[in-house]
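Q:
Numbering (my numbering), first residue to last: 230 to 463.
Have a look at this one:
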């Protein structure tokens, strides 16, 4: 026990020294680098999104974002594969019921969180946020629902269909940019519209909506897989 505590203190001290060195050597850049300067100077005219970060994530480095979504899909698939084992049928009351406080709070927080998640990814081109953040909020709502109502049955097929359709539409939008604009995930095949309005920034709102639905359904699927898994009683 004493040896483990000593090792933990050494690791903590090393981390503090490392962090202190990084902070001490860090200097605030006086000007943007060439890549950031290009994005900052041309994004408004080329993409028309009020949120520059959104334009970079969805268009300029859209293939990288597609890779991130693919990694999350693979993670959800692997978890579902390893948790898909033979389960013994358990009575309805086998899982402990959620607390009364959590159950009552979930009736307000779950629908509110889903609405907030949708708002975050629909307005990702206007305000901080986007598809990954909105999808994570929706996944949190499903987690709260599972914790508050362990015996409540939610069909995982619904989330699988949402994940599949949103992923297909996401790739279809990317191909539309390749055929009708300047490249894959080029959002300019739709008009940029008026900046700061909801219908602006070309196809970015559609892309972020698909990413939000895909991420939210994948996280929800993982949560439901974990919630439904019963240990074997052999």
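Every residue, glycine too, gets a C-beta built ideally from N, C-alpha and C.
Quick one, are the C-beta atoms of residue 341 and residue 441 less than 8 Å apart?
A: Residue 341 sits at position 112 when you count from the first residue of the chain shown. Residue 441 sits at position 212 when you count from the first residue of the chain shown. Against a cut-off of 8 Å, the Cβ pair of residue 441 and residue 341 comes out as no contact.
Q: If residue 280 sits next to residue 357, beta carbons under 8 Å apart, how far is it from one beta carbon to the other, in whole angstroms?
A: Taking the first residue of the chain shown as position 1, residue 280 is located at position 51. Taking the first residue of the chain shown as position 1, residue 357 is located at position 128. The pair is a contact, with the Cβ atoms about 7 Å apart (cut-off 8 Å).
Q: Could you check how far apart the C-beta atoms of residue 346 and residue 370 are, in whole angstroms? I think they sit under 8 Å.
A: On the chain shown, residue 346 is found 117 positions in, with the first residue counted as 1. On the chain shown, residue 370 is found 141 positions in, with the first residue counted as 1. Yes, residue 346 and residue 370 are in contact; Cβ-Cβ is about 7 Å, under 8 Å.
Q: Can you tell me whether residue 329 is buried or exposed, with buried defined as 16 or more other CB within 10 angstroms of its CB?
A: The residue labelled residue 329 in the question sits at position 100 within the chain shown. That one is exposed.
Q: Have a look at 255, 452 and 301 and flag the residue whose alpha-carbon is nearest the alpha-carbon of residue 382.
A: Residue 382 sits at position 153 when you count from the first residue of the chain shown. Residue 452 is the option with its Cα nearest to residue 382.
Q: For the candidate residues 285, 257 and 439, whose alpha-carbon lies nearest to that of residue 270?
A: The residue given as residue 270 occupies position 41 in the chain shown. Per the Cα distances, 285.
Q: Does DSSP classify residue 353 as helix, strand or coil?
A: Counting from 1 along the chain shown, the entry for residue 353 is found at position 124. Looking at residue 353 - three-state DSSP - the assignment turns out to be coil, as it is neither helix nor strand.
Q: Using only CA atoms, which one of 447, 456, 443 and 434 lies nearest to residue 288?
A: Against the chain shown, residue 288 aligns to sequence position 59. It is 434 whose Cα lies nearest to the Cα of residue 288.
Q: Assign residue 293 to one of two classes, buried (16 or more other C-beta atoms within 10 Å of its C-beta) or exposed (fewer than that).
A: Your numbering for residue 293 matches position 64 in the chain shown. Result: exposed.
Q: On the three-state DSSP scale, how would you describe residue 235?
A: As a first step, residue 235 must be located in the chain shown, where it is residue number 6. Note: residue 235 maps to helix in three-state DSSP.
Q: Output the distance between the C-alpha atoms of residue 253 and residue 247, rounded to the nearest integer angstrom.
A: If you number the chain shown from 1, residue 253 lands on position 24. If you number the chain shown from 1, residue 247 lands on position 18. Taking the straight line from one Cα to the other gives about 10 Å.
Q: Using the DSSP secondary-structure output, state which residues sit across from residue 422 in a beta bridge.
A: The residue given as residue 422 occupies position 193 in the chain shown. Looking at the DSSP assignment, residue 422 forms a beta bridge with 429.
Q: Just to check my reading of the structure: residue 416 and residue 394 have Cβ atoms closer than 8 Å, yes? What is that Cβ distance to the nearest angstrom?
A: Translated into positions along the chain shown, residue 416 becomes position 187. Translated into positions along the chain shown, residue 394 becomes position 165. Taking the Cβ atoms as the reference, residue 416 lies roughly 20 Å from residue 394, outside the contact range of under 8 Å.
Q: If we call anything under 8 Å between Cβ atoms a contact, is residue 421 one with residue 277?
A: For this step, residue 421 is matched to residue 192 along the chain shown. For this step, residue 277 is matched to residue 48 along the chain shown. Yes, they are a contact pair.
Q: Alpha carbon to alpha carbon, how far is residue 233 from residue 471? Give it in angstroms, no decimals.
A: Since the first residue shown for the chain is 230 and the last is 463, residue 471 is missing from the structure and cannot be characterised.
Q: Select from 414, 296 and 443 the residue whose C-alpha is nearest the C-alpha of residue 402.
A: Residue 402 sits at position 173 when you count from the first residue of the chain shown. Nearest option by C-alpha distance: 414.
Q: With a CB to CB cut of under 6 Å and the five nearest residues on each side skipped, what residues in its chain are close to residue 332?
A: Here the question's residue 332 lines up with position 103 in the chain shown. For residue 332, where only same-chain residues beyond five positions count, the Cβ hits under 6 Å are 377.
Q: Of the residues 409, 344 and 306, which one's Cα is nearest the Cα of residue 385?
A: Sequence index remark: in the chain shown, residue 385 carries index 156 (1-based). Considering only alpha carbons, the answer is 306.
Q: Rounded to a whole number of angstroms, what is the C-alpha to C-alpha distance between residue 303 and residue 388?
A: Locating residue 303 in the chain shown gives position 74, counting from the first residue. Locating residue 388 in the chain shown gives position 159, counting from the first residue. Here the alpha carbons of residue 388 and residue 303 stand approximately 15 Å from one another.
Q: Tell me the DSSP secondary structure of residue 392 in three-state form.
A: On the chain shown, position 163 is the one that residue 392 refers to. DSSP places residue 392 in helix when its eight states are reduced to three.
Q: Would you kindly work out how many angstroms separate the C-alpha atoms of residue 337 and residue 257, rounded to a whole number?
A: Here residue 337 refers to the residue found at position 108 of the chain shown. Here residue 257 refers to the residue found at position 28 of the chain shown. Taking the straight line from one Cα to the other gives about 43 Å.
Q: Tell me whether residue 352 is buried or exposed, calling it buried when 16 or more other Cβ atoms sit within 10 Å of its Cβ.
A: Here residue 352 corresponds to residue number 123 of the chain shown, with the count starting at 1. Looking at its Cβ environment, which holds 16 or more other Cβ atoms inside 10 Å, residue 352 is buried.
Q: Just to confirm before moving on: does the CB-CB distance between residue 368 and residue 445 stay below 8 Å?
A: In the chain shown, counting from the first residue as 1, residue 368 sits at position 139. In the chain shown, counting from the first residue as 1, residue 445 sits at position 216. Going by C-beta atoms, residue 368 is nearer than 8 Å to residue 445.
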